[in-house]
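**Q**
Rendered as structure tokens:
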């Protein structure tokens, strides 16, 4: 059976297209040679487990080490029961050893007389003292452990450190979502563990970067080599653009193209666009688990202002921002924070708007003109009617008040374009704006993707207390957006969120249309709501 793109669990190179795992972590072999202990942290489904399993296999095969990968995941439900967790960690090591190590390198049975608080240390000491080779232990999902259970395991490991390699592992790697500095604020756990650093003997904290554009090309080249199916250069560029190299997303698009869409012949950029939309609509476990994080207050405090186009407030703790980066929701560059990639940029607002979208009742009608083009004016008229009747209670009832206007608008537009087009979003962080691009399909191919399309740009700004009328700034910002898109006209929607009756009237009178010229001479339809 030919190999395929993997979307579930660690890679098996015999089954899945796989890049050399250790090439992404060139420092690791030197750390092992130096008998160093280290931390590897990266978001879920970026290849941590695949890389560490490959490392264990390679080190053992070298004849110099007894190297083993094991997971602590079974201990997650027992955060306040160290005795149970210590036994589970020992059991996980024993089970993995029975599967992956030759008998002469396996640990002996766990000591039966070890007290709580020393079980893991006693077990590892017994193994190291009897092993003919230095032991390398790679502990995955370490941050599944929390509170007293985590403290117990980490302190036992720290206490062993001076005794390596004769009575302690030569190298231990702790693998998880977060760096060791954040174990004390693990998701769902206590605010802190009562210790500044329960694992302060690490030599380095490593992270696993996303695929580079060359990595993406190399991965898909494996598919081409084995199947003969080529990808257009534009298709490969688009795969990297919409995923930003996030390994699971890169593989998931390949899986959609290879298995779900069954494309014959060369893969074009239009196929990738359709695969992206199918992936977003699939609500895969990976995307759902990310979206579920939006329910956490510390995540909402960071993400909400970004969705509203505002700066993250200074009151938000830096560790909460780092937590969102470690989860893979955000990326940081020299200028600002941003949603990590265009696919997440679609998934997060869709998840937030879904409850609102369900409650939106629109008149049954076609949103296409007789020639197939989007009836944009009809859409805006329907938005005015909807806002007059429902805007107030929907905005007030939002769980995310910082981005309430944007969420309700995106939910409305998603209901309109579903089945006929897509919406792309850009968040003007610190510039108080949300840019929306409606891509309306005029003709479609056999995969349901747009063969020809029209594009409509909408900029959204919210007028809050203490601010000047955002119209001049909005026209300037929209002008730049239209220039980048190569469009000659656009729409500027201004929500009035000032306290009191915003226009001297009630909500039932909102919806004033006007026209203006942008600084670059582009025609702008202005809608005040």
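Numbering (the working numbering), first residue to last: 346 to 874. Note that CB positions come from ideal geometry on N, CA and C, so glycine has one too.
Would you mind working out which of 408, 457, 823 sits nearest residue 431, comparing C-alpha positions?
**A** With distances taken between Cα atoms, residue 431 lies closest to 457.
**Q** Where does residue 383 sit, in a helix, a strand or coil, going by DSSP?
**A** Three-state DSSP puts residue 383 in a strand.
**Q** Does the contact criterion of 3 or more C-beta pairs under 8 Å hold for the region 368 to 383 versus the region 631 to 649?
**A** As far as the Cβ criterion goes, the region 368 to 383 does not touch the region 631 to 649, which means the pair count is below three.
**Q** Measuring only the C-alpha atoms, how far is residue 445 from residue 770?
**A** If you take the alpha carbons of residue 445 and residue 770, they lie about 47 Å apart.
**Q** What ranges does the alpha helix (DSSP H) occupy inside the region 405 to 459, keeping only unbroken runs of at least 4 residues that lie completely in it?
**A** Within the region 405 to 459, the complete alpha helix (DSSP H) runs of at least 4 residues are 427 to 445.
**Q** Determine the burial state of residue 808: buried for a count of at least 16 other Cβ atoms within 10 Å of its Cβ, exposed for fewer.
**A** Buried is the call here.
**Q** Can you give me the C-alpha to C-alpha distance between residue 358 and residue 589, rounded to a whole angstrom?
**A** About 23 Å.
**Q** With distances taken between CB atoms, is the gap from residue 415 to residue 443 smaller than 7 Å?
**A** Contact: no.
**Q** Report yes or no: do three or more beta-carbon pairs, one from the region 459 to 479 and one from the region 508 to 520, lie closer than 8 Å?
**A** At 8 Å Cβ cutoff, the stretches touch.
**Q** Tell me whether the beta-carbon of residue 580 lies closer than 7 Å to the beta-carbon of residue 612.
**A** In this structure, residue 612 lies closer than 7 Å to residue 580 by Cβ.
**Q** Take residue 500 as the anchor and find which of 479, 816, 461, 478 has the nearest alpha-carbon.
**A** Answer by Cα proximity: 461.
**Q** Just list the residues that DSSP pairs residue 785 with in beta bridges.
**A** Its beta-bridge partners are 766, 799.
**Q** Drop a sphere of 10 angstroms on the beta-carbon of residue 603, count the other beta-carbons inside from all chains shown, and report buried for 16 or more, exposed for fewer.
**A** Per the 10 Å Cβ criterion, buried.
**Q** Classify residue 695 as buried or exposed, calling it buried when 16 or more other Cβ atoms lie within 10 Å of its own Cβ.
**A** Looking at its Cβ environment, which holds 16 or more other Cβ atoms inside 10 Å, residue 695 is buried.
**Q** Looking only at DSSP bridge pairs, what is residue 612 linked to?
**A** Beta-bridge pairing links residue 612 to 576.
**Q** Where does residue 858 land, buried or exposed, given buried means 16+ other C-beta within 10 angstroms?
**A** Residue 858 should be labelled exposed.
**Q** Do you know how far the Cα of residue 835 is from the Cα of residue 367?
**A** Spanning the two alpha carbons is a distance of roughly 48 Å.
**Q** So, using beta-carbon positions, are residue 669 and residue 692 closer together than 7 Å?
**A** No, Cβ-Cβ distance for residue 669 and residue 692 is not below 7 Å.
**Q** Give the DSSP-derived three-state secondary structure of residue 666 in the structure shown.
**A** If DSSP states are grouped into helix, strand and coil, residue 666 belongs with the helices.
**Q** Run through DSSP, which three-state label would residue 555 get?
**A** Reduced to three states, the DSSP call for residue 555 is coil.
**Q** Hey, could you find the ends of the beta strand (DSSP E) residue 731 is sitting in?
**A** No beta strand (DSSP E) contains residue 731, which is instead part of the alpha helix (DSSP H) from 721 to 731.
**Q** Span of the beta strand (DSSP E) holding residue 480?
**A** Residues 480 to 485.
**Q** For a test of the three-state rule: what should DSSP assign to residue 395, helix, strand or coil?
**A** Helix at residue 395.
**Q** Does the separation of the CB atoms of residue 875 and residue 760 fall below 7 Å?
**A** Any property of residue 875 remains undetermined from this structure, which presents the chain solely from 346 to 874.
**Q** Taking the straight line between their C-alpha atoms, what separation do you get for residue 661 and residue 675?
**A** The straight-line gap from Cα to Cα measures roughly 15 Å.
**Q** Taking a contact to mean a Cβ-Cβ separation below 7 Å, would you say residue 877 touches residue 816 in this structure?
**A** Given that the chain is displayed from residue 346 to residue 874, the structure contains no residue 877 and the question cannot be resolved.
**Q** Taking contact to mean 3 or more Cβ pairs, one atom from each stretch, closer than 8 Å, check whether the region 652 to 659 and the region 737 to 751 are in contact.
**A** The region 652 to 659, when compared against the region 737 to 751, does touch it at the 8 Å Cβ threshold.
**Q** Taking 6 Å as the cut-off, is the C-beta of residue 736 nearer than that to any heavy atom in the ligand MN?
**A** Absence of the ligand MN from the depicted structure is noted, as is the absence of any ligand whatsoever, leaving it without description.
**Q** Taking its Cβ as the centre, do 16 or more other Cβ atoms sit within 10 Å of residue 663, making it buried, or is it exposed?
**A** It counts as exposed.
**Q** Going by DSSP in three states, residue 744 sits in which element: helix, strand or coil?
**A** Coil, per DSSP.
**Q** Hey, residue 798 and residue 778 are a contact pair by Cβ (cut 8 Å); roughly how many whole angstroms apart?
**A** With a Cβ gap of about 24 Å, residue 798 and residue 778 do not count as contacting.
**Q** With DSSP as the reference, label residue 862 as helix, strand or coil.
**A** Correct three-state label for residue 862: strand.
**Q** With a CB to CB cut of under 6 Å and the five nearest residues on each side skipped, what residues in its chain are close to residue 567?
**A** The residues are 362.
**Q** Please classify residue 585: does DSSP put it in a helix, a strand, or coil?
**A** Residue 585: helix per DSSP, three-state reduction.
**Q** Taking C-beta to C-beta, are residue 721 and residue 616 nearer than 7 Å?
**A** Cβ atoms of residue 721 and residue 616: not closer than 7 Å.
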